[in-house]
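Residue numbers (the working numbering), protein chains in the order written: chain A, 825 to 1158; chain B, 825 to 1158.
From the three backbone atoms N, C-alpha and C, an ideal C-beta is built for every residue, glycine too.
Note that the structure is a prediction, hence the values are computed from the model and not measured.
Contents: one structure, followed by commentary.
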DNA sequence: TGCGATTGTCGAAGCGCTTCAACAACGAGA
DNA sequence: TCTCGTTGTTGAAGCGCTTCGACAATCGCA
């Protein structure tokens, strides 16, 4: 293994000089700097991560508790994680994957100084891990917006605004009764923060416009079609649908397209929306951007910068009108 | 921060004694051992991971390159990762999540001694990372079965056997022309190892029974229904379907159920199969078990044990016959 | 021309742990 | 009684890096 001593020797300087060249924490003459850098390249030197972290008291690793639970939108979770990992690498951080939903993992990772900071996904409205986070020395960021998260930094998509936006869009399209086909029952039962906020926004906007609205828990499979059928039987005057459910989206949208006058808006990643041509409109769920934003927040905390306690990514209506990607591109060109 | 010196002082022993109590590498009297353990508990001592790894020259961390690509079966990937993480914890290892598909990440993680070993998922038939792995000092295990992986340890599900099994099942059910609705085009184009092996097994078994068979690339959305329709138009005598495509499964199965005499078998995780009642049968894709097996293999390598170069988890027909989980339970009870 | 400030480099002291070699203390066999 | 193994414990030497304080060498300014 190549050590800093080998580099120092090859460049004809001391160990500390090599260290300062790498960190830039002291001024080094151009000449010396170049000699050291050549030696580093020639020897393919890579600093030993543990040695570095022992001496510098920081690991450049962020611990991530990602959900591996049922009912969650796996596609979205993967995208968020991808965003987190990519953004972390930009800032020279790595991601340690912690088994989820146990506070012990948080204690272990920080107690053993394996990580500089923590990132938590799939946060519930009253998450028991929140209390744990307060005890820990390491800074943390939540992807989600639980109740009672004062003092904690939270980053999330603005689900409440998305609910409003969907409702207002449907109402603007002329619908006089609407329904939300939302998350599966287990997600609701866990009081997952985003599901509750989405519902709140949707119902509030409908109420403001005096439009009757109902909310339905929706299984992720083609059984969701049964839910839709039941909704239509119970409320035959429902003509506007808002779908937020990865697994059910394609089924429900396909079924909805067969019913005269029924129109559907969805909340989902843009690439998913593109595969469902029968949607009237969609609200983009910027999953990767969410992961990146969360990472940026934790990096800022680590740098000692002041960050807003809560950052919500805005909900924007994608003007897809069901067009597939290539078609949209053509439209844009004309 | 509590250090080993604090524990030693509290227990009235030397630092090395504390270390030997924790590692068990030397005999320690029962009395001393208990005193040390009490001190550890009382002080909530957690050894500093970096200090330990610097001194012991091993990190107890495994690097994982997981795919965050399109077309992959996200659900299955998540389950595999969950299996990997859980099994790793059993053996006191942690998982470092590496950005995927770049060989540089492998060099970085091992060169900087951040990991003891590497785990690679989503391996292609001719994966460029394989050459890199050979250069590295760290042991590695592939989840997949690429060509030219001699010398490398591989763990995977036996997709070829699954292909055979599905074909034989359909033939046994009396079908005289069958079709495989497989992975999306991008997965095929990447020459993903599992897709090719599944096809090979399926076609081989059909050929052995002189049963005509066709293979179709299948988009993951409800567009897959179009593919099915096209297949039925082109080959009206197709009555047996084998589906291996997470996103398309529910759509295709639902559509197939509307065609008289058409029967479908699927390859997917058991919990997914349960949500698709129109399936005749399914072959379980033991995703979590696959992750666990891969981790066990890498742990064995790290322990210097000899492990088989290739381990394939067997394909087994789940006798679901389309029954949903509760119904099956009832049947079992009677 | 002299003197303080700046610039560039270095030696050495850790960071918290593992592990080797050494060594008391003790019991057993001759 | 003496010697030789065991058994249990310890001090100290690293592991590879960062960073502090020190110190020449050079510079700017009076």
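Check, Outcome
"Under a three-way DSSP split, which group does residue 1089 (chain B) fall into?", "strand"
"Which residues, taken in chain order from the stretch 855-884 of chain B, show a beta carbon closer than 7 Å to some beta carbon of chain A?", "870, 871, 872, 873, 874, 875, 877, 878, 883"
"Is it buried or exposed for residue 918 (chain B), if we count other Cβ within 10 angstroms and need 16 for buried?", "buried"
"Less than 6 Å between C-beta atoms, sequence neighbours within five positions excluded: which residues of the same chain meet that for residue 1159 (chain B)?", "Outside the shown range of chain B, which is 825 to 1158, sits residue 1159 (chain B), and nothing can be said about it."
"For the candidate residues A:968, A:1033, A:1010, whose alpha-carbon lies nearest to that of residue 1136 (chain A)?", "A:968"
"Does DSSP classify residue 1030 (chain B) as helix, strand or coil?", "helix"
"Can you tell me the Cα-Cα spacing of residue 1013 (chain B) and residue 950 (chain B), whole angstroms?", "12 Å"
"Looking at the C-beta of residue 921 (chain A), does it have a partner C-beta in chain B at a distance below 8 Å?", "yes"
"Excluding the 5 residues flanking residue 1154 (chain A) on each side, which residues of the same chain have their C-beta closer than 8 Å to its C-beta?", "A caution first: residue 1154 (chain A) carries a pLDDT of 32, below 50, which makes its placement in the model too unreliable to give a value."
"Leaving out five residues on either side along the sequence, give the residues of the same chain with a beta carbon under 6 Å from the beta carbon of residue 835 (chain A).", "859, 860, 863"
"For residue 887 (chain B) versus residue 933 (chain B), is the C-beta distance shorter than 8 Å?", "yes"
"Between residue 1087 (chain A) and the rest of its own chain, which residues show a CB-CB distance below 8 Å, the 5 nearest in sequence each way excluded?", "994, 997, 999, 1063, 1064, 1065, 1080, 1104"
"Using three-state DSSP, classify residue 768 (chain A) as helix, strand or coil.", "With chain A covering only 825 through 1158, there is no way to say anything about residue 768 (chain A)."
"If you count every other CB in all the chains shown that lies within 10 Å of the CB of residue 850 (chain B), and 16 or more means buried, which is it?", "exposed"
"Taking C-alpha atoms, which residue in A:1004, A:1059, A:892 lies nearest to residue 1048 (chain A)?", "A:1004"
"Using the three-state DSSP reduction, which class does residue 948 (chain A) fall into: helix, strand or coil?", "strand"
"Can you pull the DSSP bridge partners for residue 1113 (chain B)?", "Bridge partners of residue 1113 (chain B): none, in fact."
"Taking 8 Å as the threshold (C-beta atoms), are residue 1090 (chain B) and residue 1068 (chain B) in contact?", "yes"
"Considering only the beta carbon of each residue, do residue 1116 (chain B) and residue 974 (chain B) sit closer than 8 Å?", "no"
"Residues of chain B with CB under 8 Å from residue 899 (chain A), in chain order?", "898"
"With DSSP run on the structure shown, which of helix, strand or coil describes residue 865 (chain A)?", "helix"
"Cβ of residue 1045 (chain B) within 8 Å of Cβ of residue 1099 (chain A)?", "yes"
"Compare the C-beta of residue 1134 (chain B) with all C-beta atoms of chain A and state if any pair is closer than 8 Å.", "no"
"Since residue 891 (chain B) and residue 946 (chain B) are thought to touch, with beta carbons under 8 Å apart, how far apart are those beta carbons, to the nearest angstrom?", "3 Å"
"How big is the Cα-Cα spacing for residue 902 (chain B) and residue 908 (chain A)?", "16 Å"
"Over what stretch of residues does the alpha helix (DSSP H) that includes residue 964 (chain A) continue unbroken?", "Here residue 964 (chain A) belongs to no alpha helix (DSSP H); instead the beta strand (DSSP E) covers 964-967."
"If I measure Cβ to Cβ from residue 1102 (chain B) and keep anything under 8 Å in the same chain, skipping five residues before and after, which residues do I get?", "1077, 1078, 1080, 1081, 1088, 1146"
"Kindly indicate if chain B contains any beta-carbon less than 8 Å away from that of residue 935 (chain A).", "yes"
"Looking at the C-beta of residue 845 (chain A), does it have a partner C-beta in chain B at a distance below 8 Å?", "no"
"For residue 958 (chain A) and residue 930 (chain A), I'd like the C-alpha separation in whole angstroms.", "11 Å"
"My output table needs one value for residue 886 (chain B): the three-state DSSP class, helix, strand or coil.", "strand"
"For the stretch 966-1025 of chain A, which segments carrying the beta strand (DSSP E) assignment without a break, of at least 3 residues, lie completely within its bounds, in sequence order?", "977-981, 1002-1005"
"Is it true that the CB of residue 1055 (chain B) sits closer than 8 Å to the CB of residue 1040 (chain B)?", "yes"
"Which same chain residues, not among the five before or five after residue 1141 (chain B), have their C-beta less than 7 Å away from its C-beta?", "989, 993, 1105, 1107"
"What does DSSP give as the partner residues of residue 1039 (chain B) in its beta bridges?", "B:1004"
"Answer with yes or no whether the minimum CB distance from residue 1153 (chain A) to chain B is below 8 Å.", "Confidence at residue 1153 (chain A) is low in this model, with a pLDDT of 32, below 50, so the placement of that residue is unreliable and no value is reported for it."
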